[in-house]
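Right, one structure below, let's go through it.
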Amino acid sequence: MRRWITNQLDLPEDVMMDFPRITMVGQIHIYIENHKGLLSFSDKEIRILLSQGQLLIKGKAFVIKTILPEEILLEGKIEQVLFIPE
Amino acid sequence: MKNLWFHKLSGHLTVKIEGKGMERFINQLTRDKVQIWNVKRVEPNAVTFQMFIKDVPFLRQAVHYHQVKVRFIKKAGFPFYLKRLKKNAGFLLGAVIALFIVLLLSNMIWKIEIKGASPEVEYKITNQLKQLGVRKGGFQFFIDDPETIQRKLSNMNEDITWIGVELKGTTYHFQVVEKEQPEPQEKKGPQHLVAKKEAVIVDYFVEKGQPVISVHDFVKPGQLLVSGIIGKEDEPQYVSAKGEIFGKTWYDTEVEVQLHNQFELMTGNEVRRTAIKIGHLSIPIWGFKKVQYQNKQQEQDETAIKFLKWTLPIAIEKTTIREVEIHEKAYNEEEAKQLALSIAKKNVIESIPKDAKIVEEKVLHEKVENGKLKLLVTYDVIENIAKEEPIIPQEEPIIQN
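If you read the protein sequences in the order shown, they are chains A and B.
Position 79 of the first sequence, counting from 1, maps to 74 under our numbering, and the rest follow consecutively.
Residues are numbered in our numbering as their position in the second sequence, beginning at 1, plus a constant of 1.
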């Protein structure tokens, strides 16, 4: 139902569907909006809770540049971005 | 993300947390809307991050619910700088005061040296210098520059030929050359009187010696006027010829007068400005009044500030802007001629000896050209043309024979 409305009215999916919006700048930055919390964090791996499933990011030298209730800016060398379904 | 320099400016802390469940801890902080940044895992069970001081109560709350240890590693930001500054304020203040004192002392006068003057003159000059403000412990800002002091001193002292004023660091050096007072006239040896310049003899008065000219004679420079040899030809006597020979001489002057003359007159209105000049940049500190004069004259005076022996590129610049009115005056030829004649006369009076007298004024040539009146004037002047010339002693042995 919601998907149908979004499609019909041409609304942005991330807002309507409660999806995360992920922006990457090359390999060095990843910016995740609309996350639901931090699950685990180390300098090689970060796990973020989403509204559906989780996001797993692998790489090197991770530093969380900013963390806000709905946004995370991660810096480092990003090698993999994986969606893990529930 | 807010810009980072803002973070740097406001007080923030670097916090290290150790323990398990760091992620949940961070999540809680985030939920409390605490801004944290630069989250790094430094050890397997330790994380560092930075946060604002104002959010520390939230951190305490979070610590309450989680089994973590918190350590504050570094304090940074403007509030902490201020705190440190306050602690070191005394030191800073001392440094500023010391610098200021050195600056002040560098611009004082510490020594006045007067060379080449006799004790009386030296005493006199010292007193005059005091009047001018040049004294030990005085400030260099408030006194005139060396050239002006030199001029004033020269004007004050008639018995000084020349006075050199030099400012070396904090010492004023005065080099005095005293006028040599004319010594009492010594007894003169035998001498003739000869003509100084071309002239026609008008009158003469001889005290001693044998006049060899008469009135209306035309004499050339160096010509013998009064002989110092008197007596009979075979037994001459040598005397020091003395007397005054008045001759008519001529002085030519050429004067140019512009028929249209523009001249500036000060109205007495002026605006003074003071500025601090650093390099080429001048920062006004006094006198912001707008200058509304139509015609103006500007005078600038700069006093450099010294530090020890160096002159700093900082100077106090005083500017005086004076209002002037431009007046235009047009002369007709007659007026211009009168003016030219008075100028010519003034020129002549300046160039002739004090005891000379102008007897006649003749306009030789008069021409108006390019808006200028050119006038060639000759003045007949009566003056003493006698010059002393010693009789060369070579002649004496001949006579003794």
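Using N, Cα and C, we set each Cβ at its ideal position, and we do this for glycine too.
Please report the straight-line C-alpha distance between residue i and residue j, rounded to a whole angstrom.
i: K406(B); j: K319(B); result: The displayed coordinates of chain B run from 2 to 402. Any statement about residue 406(B) would go beyond what the structure contains.
i: E114(B); j: D160(B); result: 19 Å
i: G54(A); j: A96(B); result: 52 Å
i: D5(A); j: N29(A); result: 20 Å
i: S35(A); j: I27(B); result: 10 Å
i: T312(B); j: K17(B); result: 53 Å
i: K169(B); j: E303(B); result: 17 Å
i: L33(A); j: I37(B); result: 13 Å
i: F308(B); j: I110(B); result: 13 Å
i: I74(B); j: L14(B); result: 7 Å
i: V69(B); j: I41(A); result: 20 Å
i: S215(B); j: K338(B); result: 38 Å
i: E199(B); j: E245(B); result: 16 Å
i: E44(B); j: I62(A); result: 20 Å
i: N348(B); j: L105(B); result: 50 Å
i: V369(B); j: I317(B); result: 50 Å
i: L44(A); j: V40(B); result: 17 Å
i: Y205(B); j: Y252(B); result: 21 Å
i: L1(B); j: E351(B); result: Past the edges of chain B, shown from 2 to 402, lies residue 1(B), and the structure says nothing about it.
i: S11(B); j: Y294(B); result: 51 Å
i: K180(B); j: K116(B); result: 14 Å
i: S46(A); j: L93(B); result: 57 Å
i: A387(B); j: K221(B); result: 12 Å
i: D56(B); j: R(-2)(A); result: 40 Å
i: V103(B); j: Q141(B); result: 14 Å
i: K278(B); j: A305(B); result: 9 Å
i: N262(B); j: I202(B); result: 42 Å
i: I1(B); j: P285(B); result: Examination of residue 1(B) is not possible in this model, given that chain B is present from 2 through 402 alone.
i: V122(B); j: L154(B); result: 12 Å
i: I17(A); j: I67(A); result: 10 Å
i: E8(A); j: N89(B); result: 58 Å
With residue i as the anchor, note down where its beta strand (DSSP E) starts and where it stops.
i: M12(A); result: Taken as a continuous stretch (DSSP letters only), M12(A) belongs to no beta strand (DSSP E), as it is neither H nor E.
i: Q339(B); result: Where Q339(B) is concerned, there is no enclosing beta strand (DSSP E), although the alpha helix (DSSP H) it sits in stretches over E334 to S352.
i: R(-2)(A); result: From DSSP, R(-2)(A) is part of no beta strand (DSSP E) but of the alpha helix (DSSP H) over R(-3) to L4.
i: R274(B); result: H261 to I279
i: Q299(B); result: K297 to F308
i: N108(B); result: Careful: N108(B) lies outside any beta strand (DSSP E) and carries neither H nor E.
i: Y381(B); result: For the sequence presented, residue 381(B) should be read as Asp rather than Tyr. Run containing D381(B): K373 to N385, per the beta strand (DSSP E) assignment.
i: I317(B); result: W311 to A331
i: Y239(B); result: P237 to Y239
i: K290(B); result: Per DSSP, K290(B) belongs to no beta strand (DSSP E) and is neither H nor E.
i: E19(B); result: H13 to G20
i: V216(B); result: It is not in any beta strand (DSSP E) - V216(B) carries neither H nor E in the DSSP assignment.
i: G232(B); result: I230 to G232
i: I410(B); result: The displayed coordinates of chain B run from 2 to 402. Any statement about residue 410(B) would go beyond what the structure contains.
i: K363(B); result: K358 to E370
With respect to the alpha helix (DSSP H) encompassing residue i, which residues constitute its N-terminal and C-terminal limits?
i: Q29(B); result: M23 to R32
i: I126(B); result: P120 to L133
Does residue i have its Cβ less than 8 Å from a Cβ in chain C?
i: D13(A); result: The structure shown contains no chain C; its protein chains are A and B.
Quiz item: What are the residues of the segment 47 to 76 of chain A that lie near chain B, defined by any Cβ-Cβ distance shorter than 7 Å?
Solution: V58, I59, K60, T61, I62, L63, P64 and L68
Quiz item: Counting pairs of Cβ atoms below 8 Å between the segment 240 to 259 of chain B and the segment 192 to 210 of chain B, do you hit three or more?
Solution: yes
Exercise. Pick out the complete beta strand (DSSP E) segments inside the segment 11 to 81 of chain A, 3 residues or longer, and give them in chain order.
Key: 16 to 20, 24 to 28, 32 to 36, 40 to 44, 49 to 63 and 66 to 79
Quiz item: In chain order, which beta strand (DSSP E) runs of at least 3 residues are fully inside the segment 34 to 99 of chain B?
Solution: 37 to 44, 47 to 53 and 69 to 77
Quiz prompt | Contact the segment 367 to 376 of chain B vs the segment 220 to 235 of chain B: 3+ CB pairs below 8 Å | solution = no
Exercise. Scan the segment 144 to 206 of chain B and note each continuous beta strand (DSSP E) run of 3 residues or more that stays entirely inside, going in chain order.
Key: 161 to 169, 172 to 179 and 192 to 196
Quiz item: Does the segment 44 to 59 of chain B come close enough to the segment 72 to 81 of chain A that 3 or more CB-CB pairs lie under 8 Å?
Solution: no
Exercise. Check each residue of the segment 15 to 36 of chain A: if its Cβ is closer than 7 Å to any Cβ of chain B, include it; give the result in chain order.
Key: G32, L33, L34, S35 and F36
Practice problem: Closer than 8 Å, Cβ to Cβ, to anything on chain A: give me those residues from the segment 36 to 54 of chain B, in chain order. | Solution: Q36, I37, W38, N39, V40, K41, R42, P45, V48 and F50
Quiz item: Looking at C-beta atoms only, is the number of pairs between the segment 272 to 289 of chain B and the segment 379 to 389 of chain B that lie closer than 8 Å three or more?
Solution: no
Practice problem: Please determine if the segment 75 to 86 of chain B and the segment 128 to 137 of chain B are in contact, where contact requires at least 3 C-beta pairs separated by less than 8 Å. | Solution: no
Quiz item: Are the segment 14 to 25 of chain A and the segment 57 to 72 of chain A in contact at 8 Å, needing three or more beta carbon pairs?
Solution: yes
Quiz item: Using a beta-carbon distance cut-off of less than 7 Å, what residues from the segment 99 to 113 of chain B approach chain A?
Solution: none
Quiz item: Which residues, in order along the segment 11 to 24 of chain B, keep a beta-carbon less than 9 Å from a beta-carbon of chain A?
Solution: M23 and E24
Practice problem: Give the residues from the segment 56 to 78 of chain B that approach chain A closer than 7 Å (Cβ to any Cβ), ordered along the chain. | Solution: none
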